[in-house]
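Note sheet for the following structure.
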Ligand SMILES: [Zn+2]
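Residue numbers (this note's numbering): 47 to 245.
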């Protein structure tokens, strides 16, 4: 493959997935942060996703402080399902379970993702009316992040539909945010090459 487009040239990670696994297992939950526990779950799933060859992003879905679902991004492996971002995977599980509920009170659910949900997932989360969406990290200085959030990239009508919803960064420690960022950076070159090879 020739030179990658400059927007696809991500920063090189400074830690391997194996090193990040050790860091995560040694990390002690800090009580001053509300979301450390969920952030750890998202990162564990993110590592699992990256080890398979997918972009390293994991997610979990929470209700009444209990984790209902946790899973990985499956857009390339075990076989390409380009719709199956981690957020989509846990939302699919939930919507299958509550399909008969006439008033599912979506406001009671919280979705945590290792990284800011992409435009596609943000749109789906707005349609589904999940009350609160939090991400472990968002790197505004990166190509995949940028100055504008994926919520701000939505149309005005969708923002209207989202008026009661929360989209925000998780309240977790800076150490966890950096581990999450490193997991993502470990996964980009392999996944990008795989995407482009499908052309
Ligand atoms: Zn997505």
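Glycine included, C-beta positions come from ideal geometry on N, C-alpha and C.
Quiz item: Shortest alpha-carbon distance to residue 229 belongs to which of 56, 66, 54, 51?
Solution: Of the candidates 56, 66, 54, 51, the one whose C-alpha sits nearest the C-alpha of residue 229 is 66.
Quiz item: Quick one: what's got a C-beta closer than 7 Å to residue 236's C-beta in the same chain, skipping five residues either side?
Solution: Cβ neighbours of residue 236 beyond the five flanking positions: 99.
Quiz item: With distances taken between CB atoms, is the gap from residue 102 to residue 88 smaller than 7 Å?
Solution: At a Cβ-Cβ threshold of 7 Å, residue 102 and residue 88 do not count as neighbours.
Self-check item: For residue 159: DSSP bridge partner residues
Solution: DSSP output for residue 159 lists 105, 181 as bridge partner(s).
Practice problem: Output the distance between the C-alpha atoms of residue 214 and residue 181, rounded to the nearest integer angstrom. | Solution: So the two alpha carbons sit approximately 7 Å from each other.
Practice problem: May I ask you to check if the CB of residue 88 is nearer than 6 Å to at least one heavy atom of ligand 1? | Solution: Ligand 1 never approaches residue 88 closely enough for any of its heavy atoms to be under 6 Å from the residue's Cβ.
Exercise. Select from 170, 192, 160 the residue whose C-alpha is nearest the C-alpha of residue 223.
Key: Considering only alpha carbons, the answer is 160.
Quiz item: Roughly how many angstroms separate the alpha carbons of residue 93 and residue 63, rounded to a whole number?
Solution: Each residue's alpha carbon lies about 7 Å from the other.
Practice problem: Keeping to the same chain, check which residues put their C-beta closer than 7 Å to that of residue 164; ignore five residues upstream and five downstream. | Solution: Result list for residue 164: 131, 196, in chain order.
Exercise. Under 6 Å Cβ to Cβ from residue 191, same chain only, skipping five residues before and after it: list those, please.
Key: 184, 185, listed in sequence order.
Quiz prompt | CA-to-CA distance, residue 80 to residue 47, given in whole angstroms | solution = Any answer about residue 47 is weak, because its pLDDT of 49 lies below 50 and its placement is not dependable; what the coordinates show is given next. Note on geometry: alpha-carbon atoms of residue 47 and residue 80 lie some 44 Å from one another.
Self-check item: Assumed close pair residue 96, residue 232 - CB separation to whole angstroms, cut-off 8 Å
Solution: With a beta-carbon spacing of about 5 Å, residue 96 and residue 232 fall inside the 8 Å limit used to define contacts.
Exercise. Kindly indicate which residue of 208, 129, 227 has the alpha-carbon position closest to the one of residue 187.
Key: Check the Cα spacing between residue 187 and each of 208, 129, 227: the tightest is with 227.
Exercise. Please determine, among 225, 242, 243, the residue with the shortest C-alpha to C-alpha distance to residue 73.
Key: It is 225.
Quiz item: Around the Cβ of residue 148, are there at least 16 other Cβ atoms within 10 angstroms (buried) or fewer (exposed)?
Solution: An exposed status is given to residue 148, since fewer than 16 other beta-carbon atoms sit within 10 Å of its beta-carbon.
Practice problem: Could you spell out the range, first to last residue, of the beta strand (DSSP E) harbouring residue 117? | Solution: Where residue 117 is concerned, the enclosing beta strand (DSSP E) stretches over 112 to 118.
Self-check item: residue 231: CB within 6 Å of a non-hydrogen atom of ligand 1
Solution: Not one heavy atom of ligand 1 sits closer than 6 Å to the Cβ of residue 231.
Self-check item: Residues proximal to ligand 1 by C-beta, any heavy atom closer than 7 Å
Solution: Output, sorted by chain position: 131, 133, 134, 163, 164, 166, 167.
Quiz prompt | Secondary structure of residue 213, DSSP reduced to three states | solution = It is a strand residue.
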